[in-house]
Amino acid sequence: MAGVGTYGGYSPGVIIGGGGGSAGTTAGPASWTPTAGGGIPYPPGPSVWPAGQSWPINETGQVNVQDLNQQLSLPVSFLAAKPFFQGAQWTPQSIPNTPSPGQPVTLDTEMADAWNMHANYSDSSQVVIPDGCDGIWLFQGNIPFSATANHRFRAMGLYNGTEYSGGEQFGWAQNPVSVDYADLIPCNAGDILQLAAWQDSGAAVNTFASSNSTGATPFFNGDFPAFRLRWVAGGSGTSGLSAPNITAFFQNPVTSADFNNYITNSVNFLSYVPYCRAIQTTPQAAISSGASTQMTGMTSMLDNYGQWNAATSTWTCQVPGIYLLFCQAGFPNQGTAYAASSFLRITSGGNTASFNGSKGWSFNPVASVMRRFRLNAGDTVQVFGFQTSGSGQVPQSADVRFFSLWQSS
Amino acid sequence: MTNTLSPPTVNDWLAGYSILSFDGSTPGDLDVYASQAFNFLAQPPYLLAVQTVVQSFASNAWVTVSLDTVVDSNNCAYASSVFTANQPGWYGLSLFVEGTPPSTTQAQLGFQYSINGQAVGPIIRSIDASNGAAAWTWGCYDEVYLNSGDTAQGMFWNFNAAAFNTTVSASPPYANSSSLEIVWLSE
Numbered sequence: 144m145a146g147v148g149t150y151g152g153y154s155p156g157v158i159i160g161g162g163g164g165s166a167g168t169t170a171g172p173a174s175w176t177p178t179a180g181g182g183i184p185y186p187p188g189p190s191v192w193p194a195g196q197s198w199p200i201n202e203t204g205q206v207n208v209q210d211l212n213q214q215l216s217l218p219v220s221f222l223a224a225k226p227f228f229q230g231a232q233w234t235p236q237s238i239p240n241t242p243s244p245g246q247p248v249t250l251d252t253e254m255a256d257a258w259n260m261h262a263n264y265s266d267s268s269q270v271v272i273p274d275g276c277d278g279i280w281l282f283q284g285n286i287p288f289s290a291t292a293n294h295r296f297r298a299m300g301l302y303n304g305t306e307y308s309g310g311e312q313f314g315w316a317q318n319p320v321s322v323d324y325a326d327l328i329p330c331n332a333g334d335i336l337q338l339a340a341w342q343d344s345g346a347a348v349n350t351f352a353s354s355n356s357t358g359a360t361p362f363f364n365g366d367f368p369a370f371r372l373r374w375v376a377g378g379s380g381t382s383g384l385s386a387p388n389i390t391a392f393f394q395n396p397v398t399s400a401d402f403n404n405y406i407t408n409s410v411n412f413l414s415y416v417p418y419c420r421a422i423q424t425t426p427q428a429a430i431s432s433g434a435s436t437q438m439t440g441m442t443s444m445l446d447n448y449g450q451w452n453a454a455t456s457t458w459t460c461q462v463p464g465i466y467l468l469f470c471q472a473g474f475p476n477q478g479t480a481y482a483a484s485s486f487l488r489i490t491s492g493g494n495t496a497s498f499n500g501s502k503g504w505s506f507n508p509v510a511s512v513m514r515r516f517r518l519n520a521g522d523t524v525q526v527f528g529f530q531t532s533g534s535g536q537v538p539q540s541a542d543v544r545f546f547s548l549w550q551s552s
Numbered sequence: 026m027t028n029t030l031s032p033p034t035v036n037d038w039l040a041g042y043s044i045l046s047f048d049g050s051t052p053g054d055l056d057v058y059a060s061q062a063f064n065f066l067a068q069p070p071y072l073l074a075v076q077t078v079v080q081s082f083a084s085n086a087w088v089t090v091s092l093d094t095v096v097d098s099n100n101c102a103y104a105s106s107v108f109t110a111n112q113p114g115w116y117g118l119s120l121f122v123e124g125t126p127p128s129t130t131q132a133q134l135g136f137q138y139s140i141n142g143q144a145v146g147p148i149i150r151s152i153d154a155s156n157g158a159a160a161w162t163w164g165c166y167d168e169v170y171l172n173s174g175d176t177a178q179g180m181f182w183n184f185n186a187a188a189f190n191t192t193v194s195a196s197p198p199y200a201n202s203s204s205l206e207i208v209w210l211s212e
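First to last, the protein sequences are chains A and B. In case it helps, our numbering puts the first sequence at residues 144 to 552. In case it helps, our numbering puts the second sequence at residues 26 to 212.
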């Protein structure tokens, strides 16, 4: 646990911005630019080596141990234990009616915080990006509500007090209801992220936190709000690389080519794995009730491997592997509950199939999918939406998004 | 490639200069501290499992989501719908369930863990209701720290007074099958 005041000049008491609401926004770090070296806390590689020097073999044919520590040990240490925070709420919190943009979710328990990103003696909803860890972060959370009937309940992510994006929006007549949120977000050290809750029941509603009945493992029992934040890649780096697969091992004599092939390329790939985030920037026409329809007009906000085609709103796999894939679609308030879903339309090896996630049922449903699949180079993914209101509905652009993240060969 | 490697060990290299070919540091050291480390990080433990045999979810009871077919796996153990970690670390999990609930059906889903031999959870990560449609889908995700030997499994609770069946796809890519996906994320 650390004081958030130690990071990036931030002091507690930050002003929470307005805007947002159930329809979501695309506010956030639109002007974000990565720091030199992508923010990773170790040398980024050959681009900074002195001209004419081929690391790590120096002019006397020796290897400087400091190079090994800086360019091998430190990166391996960082990449094996990437910055990560997970917090939970065990004491229920009152969420006011229609908070703007959303009510930050307090986190009374730290489940993992080795990078000192959180302090629960200050504003416990705030998680601060640590020094040296600029880059792309995976932002996840879920919020159970002690719901009342037939209203809207939502999770969202806040970036420096402003809504970055909204998550699932459900609502139904039984208690409780639990909604999820996930997104990729570029951050600099000192940025503040918060999981936030929103509802419009007409009165305050408590979050739902079941009793912690298993004392020996107090953090892992039942139903409670949770917030997870994980560094996944640098904000800049070397793309076009293949994932490490070192089968020809080091042999005497070890050459600089060995170091470049086995170490430099590996560090550069694993520090800057393929990722992509696309949002709908051009609204599309209403989609018919009961008809699966592609979400169009989507533009990439993050894409380090040239994976997104804006003209066709299609993602194409560049590096084979297992990918975390997420998509979401939302539809407008009709004053009566209807069902909606989004799904990943994947074409692999010439075969096309659709993969679903949680369907939503609400006056104003927003539904999302998070799945993991093995994909080959050339495989494609598109975002589709579906709704059953009985009439055509225009997708809410602010709630239409996709992201991908390479996770394994 | 598949592997049985452990998470990386970071070497504390000796101070000063080191001639790799003939002093205390050897190519073998680099294989351990570089090659194996990168191979592990590039292909960490994972499991992708799906359901190809229809399952019935009883009323008002926690039920393990039955996943009879392993689509892909590496450096882990899996039996009877239970994932067992071979390597310690934080794991990312995603669970998907598809079924044919009667009328409007509220359901909750999440993950049951066994950590150091103690049952933990189910940890509920999604609660949602169907609207009477003939088919409905649920999904959720979580991250958890597992030591070697700790386990995880997908769990589902049907609030409806009547049981209902899942829907399945019998062959790849198993688009309509319930699934559990797990990937090692970090130490």
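Note that beta-carbon positions come from the ideal geometry of N, C-alpha and C, so glycine has one too.
Nearest-angstrom Cα separation, counted from residue j out to residue i
i, j, result
"residue 335 of chain A", "residue 262 of chain A", "12 Å"
"residue 189 of chain B", "residue 213 of chain A", "57 Å"
"residue 63 of chain B", "residue 210 of chain B", "14 Å"
"residue 175 of chain A", "residue 328 of chain A", "The predicted model places residue 175 of chain A with a pLDDT of 47, which falls under 50 and marks its position as unreliable; any figure quoted below should be read in that light. So the two alpha carbons sit approximately 10 Å from each other."
"residue 429 of chain A", "residue 529 of chain A", "11 Å"
"residue 139 of chain B", "residue 86 of chain B", "19 Å"
"residue 426 of chain A", "residue 544 of chain A", "12 Å"
"residue 419 of chain A", "residue 187 of chain B", "42 Å"
"residue 478 of chain A", "residue 293 of chain A", "10 Å"
"residue 216 of chain A", "residue 270 of chain A", "28 Å"
"residue 241 of chain A", "residue 474 of chain A", "18 Å"
"residue 321 of chain A", "residue 381 of chain A", "39 Å"
"residue 162 of chain A", "residue 297 of chain A", "Its pLDDT being 26, under 50, residue 162 of chain A is placed unreliably in this model, and the coordinates cannot settle the point."
"residue 226 of chain A", "residue 127 of chain B", "44 Å"
C-beta contact flag for residue i and residue j at 8 Å
i, j, result
"residue 280 of chain A", "residue 373 of chain A", "yes"
"residue 116 of chain B", "residue 207 of chain B", "yes"
"residue 203 of chain B", "residue 90 of chain B", "yes"
"residue 162 of chain B", "residue 499 of chain A", "yes"
"residue 156 of chain B", "residue 480 of chain A", "yes"
"residue 72 of chain B", "residue 108 of chain B", "yes"
"residue 314 of chain A", "residue 299 of chain A", "no"
"residue 516 of chain A", "residue 445 of chain A", "no"
"residue 431 of chain A", "residue 535 of chain A", "yes"
"residue 273 of chain A", "residue 285 of chain A", "no"
"residue 459 of chain A", "residue 450 of chain A", "yes"
"residue 552 of chain A", "residue 464 of chain A", "yes"
"residue 275 of chain A", "residue 332 of chain A", "yes"
Contacts around residue i, its chain only, beta-carbon distance under 8 Å, and the 5 residues preceding and following it disregarded
i, result
"residue 232 of chain A", "248, 249, 250, 251, 252, 350, 352, 367, 368 and 369"
"residue 289 of chain A", "235, 318, 319, 348, 349, 350 and 351"
"residue 83 of chain B", "183 and 188"
Cut-off 7 Å between Cβ atoms - residues of its own chain near residue i, not counting five sequence neighbours on either side
i, result
"residue 239 of chain A", "246 and 347"
"residue 165 of chain B", "120, 134, 135, 150 and 151"
"residue 142 of chain B", "none"
One or two residues paired with residue i in a DSSP bridge
i, result
"residue 470 of chain A", "A:512 and A:545"
"residue 339 of chain A", "A:247 and A:299"
"residue 168 of chain B", "B:117"
"residue 324 of chain A", "A:284"
"residue 191 of chain B", "B:124"
"residue 405 of chain A", "According to DSSP, which records beta bridges pairwise, residue 405 of chain A is partnered with nothing at all."
Proximity test, Cβ basis, 8 Å: residue i and chain A
i, result
"residue 60 of chain B", "yes"
"residue 189 of chain B", "no"
"residue 64 of chain B", "yes"
"residue 92 of chain B", "no"
"residue 33 of chain B", "yes"
"residue 181 of chain B", "no"
"residue 71 of chain B", "yes"
"residue 121 of chain B", "yes"
Residues near residue i in its chain [Cβ-Cβ closer than 6 Å; skip 5 each side]
i, result
"residue 74 of chain B", "92, 95 and 205"
"residue 497 of chain A", "486 and 488"
"residue 130 of chain B", "155 and 185"
"residue 97 of chain B", "73"
8 Å Cβ cutoff, residue i in contact with chain B
i, result
"residue 215 of chain A", "yes"
"residue 337 of chain A", "no"
"residue 444 of chain A", "no"
"residue 504 of chain A", "yes"
"residue 513 of chain A", "yes"
"residue 379 of chain A", "no"
"residue 250 of chain A", "no"
"residue 223 of chain A", "yes"
"residue 397 of chain A", "yes"
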